[in-house]
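Residue numbers (the working numbering): 2 to 152.
Glycine included, each C-beta is placed from N, C-alpha and C at the ideal position.
Report on the structure given below.
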């Protein structure tokens, strides 16, 4: 009789874990979608649609790691819902502290380094004096459209 009780508790725990994992996976899939970002950041989406980076998902540039991003994202959603920040004039950082790492992942690959060593050498020199890639380059959003966003 006691064995069935332990088995029942174990089965219940398995069901709870499965539900939590399924819900977590579903929430993850929902929040990595560009439409999720655009729900609050419509003006940024409009400028992104006009940019050279329109084929790149939001999370490719604006994230740096699963757990960190989910915590930060949840915090920003809460602050927006409670009226503490305006998603169109958000004082909190939008980019990871080191955006260069995200830029380099796509723009300075091993193939580019092999094919265009001068390009790499020149950019290495620039990066000695620039804080991020965006010190010289645009952010991947059309700046003229970004300036038109509401305050």
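For the stretch 63 to 143, which segments carrying the alpha helix (DSSP H) assignment without a break, of at least 4 residues, lie completely within its bounds, in sequence order?
67 to 82, 100 to 108, 111 to 116 and 118 to 128
For residue 58, does the three-state DSSP call read helix, strand or coil?
As a working note, residue 58 is residue 57 in the chain shown. Of the three classes helix, strand and coil, the one that applies to residue 58 here is coil, per DSSP.
Less than 7 Å separating the beta-carbons of residue 101 and residue 134?
Here residue 101 refers to the residue found at position 100 when the chain shown is read from its first residue. Here residue 134 refers to the residue found at position 133 when the chain shown is read from its first residue. Yes, they are a contact pair.
Taking the straight line between their C-alpha atoms, what separation do you get for residue 16 and residue 23?
Within the chain shown, residue 16 is the residue found at index 15, counting from 1. Within the chain shown, residue 23 is the residue found at index 22, counting from 1. Looking at the two C-alpha atoms, the distance is approximately 10 Å.
If we count the other Cβ atoms within 10 Å of its Cβ and call it buried at 16 or more, is residue 7 buried or exposed?
Position 6 of the chain shown holds residue 7. It is exposed - the Cβ of residue 7 has fewer than 16 other Cβ atoms within 10 Å.
Where residue 42 sits in the DSSP three-state scheme
The residue you call residue 42 lines up with position 41 of the chain shown. Note: residue 42 maps to coil in three-state DSSP.
Of the listed residues 64, 103 and 139, nearest to residue 35 (C-alpha basis)
Here the question's residue 35 lines up with position 34 in the chain shown. When each option's Cα is compared against that of residue 35, the closest is 64.
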